[in-house]
Ligand code: ADP
Ligand code: ZN
Ligand code: ZN
């Protein structure tokens, strides 16, 4: 008998067997089709993974599936394989992985819509119409002539040629023309001429081009402004010339307009842009264009790595170190790592680019697993800015800013130049405290303080979204002496406005930058070159280049230096390098002022005396000595429930049960409370699986999962697995 193995959108880690729907022939079944089937009491939309042609009769009753939803598979074979790999590697339910590869409408079983557009064609009767038969209706005659000449033509093209609907309708009534569907024909994608590459750029380009249609992985490590994007553009040009598609992953939605504009200028080709801000219809069209090969270039954020491509030829991950490539909930995957696997499965080169590569990628490059290309100088000839440390100990500060920094801003403005100030905290102040009794405004749902947003007159939790009015008196002792501690962008903005009332000031954080076009408008304004001050959070450091900014100030370096996570030092070095890299062009070199209470901190001294690359090599040596990633491997098992004790008990039971079966070289650490134990009213605990070898850690995790599924204390709580966790 024939059995269908389906991936169903459920949290269960297995495939499910169904019989083919009644009346369906073997020839109509292909993996990658969507299939509806009853699961429990619900009708769900699953994906056909395998057709077992001569399955042995089962002792259980197998139900028949409801219907085959697609006449041909919507997921390409390469993407099916990728999903199977990802479900296995990340140990996540296959059904959730597979269905995540579809746009929402299709995921829910909605009808697949092709890109075909409405068109008109002659009927047999119309084709045989005698010349001059419509002499009394010149418009209709014109329409017949056009369709006879051009064949089926879209309504839009006809309208463009002056042929209106009434004429077509009249002809339709006479059964001379009829509507039909016209599928878009893939056209040839072309590149316009690019810049003449410098030696480092052309070396990188030719090494990657030499890979042709084979899998190779390349780390393009190039300082900010070294011309990485120019290299991408020319690699894509070569890919299009081979008749293949390119997939480009970028970190943030804020980057899209700039990137897309640059691609549009360079290419005479179809671009499909995929990001979370798209409407459903747009998303479907972009996805379909990628899948059918109509789109030559697909640009998107994290989840775009699962877009099916008809002719994959090149995958680029820009700013590959960026944290947004890691999905932090549900199906926890790294789009960068999935990209590398995809290149391997679909036989195409993969390029990871960054000024500050992740230690994972740098490690792979140094070990010879990736080709390594370095661009060590800025392309336009401009110099990288000079870094200086400003010791703020014992100095009066206004909203966290010292006189030295404010004077530097003033000098910059008086030269008619622009400043960029970095403060990675939005709101007015991160803490509100009672001066008389010490009460602190905490979130009632999280182990976190509420941030004061003065303009909105609210206290907000940045972790769960809870918000409440700012109290006028202390709820504990009724004192009205409420103080704010710490500084956020809103507060710094107030001080800067007072100091520089005549200067344009742009605050850039997720409160002030609402809407898709806000960032683009800002970039255009600033790059106009008028003197101004830019003040903002991490949002400012991502990808945007402000060549007319000559001063960069880091208001609170200490917040970056002290982090509990073993990745803290790497992140601080990346962030500092990225902020610094926003500034300066050929004729006006930039300077960077870093405020700190810890001028001797090794991380800072490292940044002063070494470039990122050498700093990274040192951090890597330290990680290797401690067998930490990328030299070692990790997985996290997290519990999440409304009762703190229950979660920890579950993990403890699990550890006890697993202890005897652990592969050698693997240790289990914990259970420990998560860094923020209580969040949105739920208590989180975690257990770390750590070992040198990837395979052993995988094996240990697999065992823990299978034990967890049997564990009684796990029935009434949520638990999840995070392979290669980023935050812990
Ligand atoms: P990155 O992506 O590394 O930040 P870009 O590709 O954006 O660098 O290049 C930075 C600037 O240098 C851009 O203005 C770009 O036009 C210019 N540029 C890049 N390559 C060259 C080149 N070979 N010759 C001249 N200018 C270049
Ligand atoms: Zn009080
Ligand atoms: Zn909260």
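In my numbering, the protein residues as written are 1033 to 1760. All residues carry an ideal CB built from backbone N, CA and C; glycine is no exception.
Item, Value
"Ordered list of beta strand (DSSP E) runs contained in the region 1495-1577, each at least 3 residues", "1499-1501, 1514-1517, 1536-1540, 1564-1568"
"For residue 1664 and residue 1723, believed in contact at Cβ under 8 Å, the rounded distance", "7 Å"
"Which residues DSSP lists as bridging residue 1077, in chain order", "1068"
"Cross-strand partners of residue 1450 (DSSP beta bridge)", "1581"
"Residue 1477: CB within 7 Å of a non-hydrogen atom of ligand 3", "yes"
"Close beta carbons around residue 1394, own chain, < 6 Å, minus the five adjacent residues each side", "1648"
"Nearest-residue set for ligand 2, Cβ under 6 Å from any heavy atom", "1466, 1468, 1469, 1471, 1506, 1508, 1509, 1511"
"Three-state secondary structure (DSSP) of residue 1246", "coil"
"Length of the line joining the Cα atoms of residue 1426 and residue 1605", "26 Å"
"Residue ranges of each beta strand (DSSP E) within the region 1229-1302, 3 or longer", "1249-1254, 1277-1281"
"Through-space distance from residue 1582 to residue 1567, alpha-carbon basis", "14 Å"
"Beta-carbon separation (whole angstroms), residue 1155 vs residue 1213, contact threshold 8 Å", "Incorrect: roughly 15 Å between the Cβ atoms, too far for contact."
"Neighbourhood of residue 1697 by C-beta distance below 8 Å, restricted to the same chain and skipping five residues each side", "1723, 1724, 1725, 1728"
"C-beta contact flag for residue 1383 and residue 1571 at 8 Å", "no"
"Rounded straight-line distance, which links the Cα of residue 1193 to that of residue 1122", "55 Å"
"Distance CB(residue 1615)-CB(residue 1519) smaller than 8 Å", "no"
"Neighbourhood of residue 1681 by C-beta, 8 Å cutoff - its chain only, sequence neighbours within 5 removed", "1745"
"Residue 1226 vs residue 1279 beta-carbon contact at 8 Å", "no"
"Residue from 1429, 1460, 1668 with nearest C-alpha to residue 1587", "1429"
"Closer than 7 Å: residue 1238 CB and nearest ligand 1 heavy atom", "no"
"Delimiting residues of the beta strand (DSSP E) encompassing residue 1316", "It is not in any beta strand (DSSP E) - residue 1316 instead sits in the alpha helix (DSSP H) that spans 1312-1324."
"Residue 1622 burial status per 10 Å Cβ neighbour count (16 or more: buried)", "buried"
"Range covered by the alpha helix (DSSP H) that runs through residue 1121", "1109-1121"
"Per-residue burial, residue 1257 [other beta carbons within 10 Å of its own, 16 or more giving buried]", "buried"
"Extent of the continuous alpha helix (DSSP H) to which residue 1479 belongs", "Premise fails: residue 1479 is in no alpha helix (DSSP H) and is neither H nor E."
"DSSP three-state assignment for residue 1213, whether helix, strand or coil", "strand"
"Beta-carbon proximity of residue 1764 to residue 1514, cut-off 8 Å", "Because the chain in this structure spans residues 1033 to 1760, residue 1764 falls outside the shown range and cannot be described."
"Cβ-Cβ distance between residue 1222 and residue 1301 below 8 Å", "yes"
"Contact test: residue 1261 Cβ vs ligand 1 heavy atom, cutoff 7 Å", "yes"
"Proximity below 8 Å, CB of residue 1441 to CB of residue 1451", "yes"
"DSSP beta-bridge partners of residue 1672", "1716, 1750"
"CA nearest to the CA of residue 1470, picked from 1485, 1508, 1180", "1508"
"Distance cut-off 7 Å: residue 1103 Cβ against heavy atoms of ligand 5", "Looking at this structure, you won't find ligand 5 anywhere; what it does contain is ligand 1, ligand 2 and ligand 3."
"C-beta atoms of residue 1717 and residue 1686 nearer than 8 Å", "no"
"In DSSP terms, what residue 1471 is bridged to", "Residue 1471 is not bridged to any residue."
"Cβ pair residue 1304, residue 1325 closer than 8 Å", "no"
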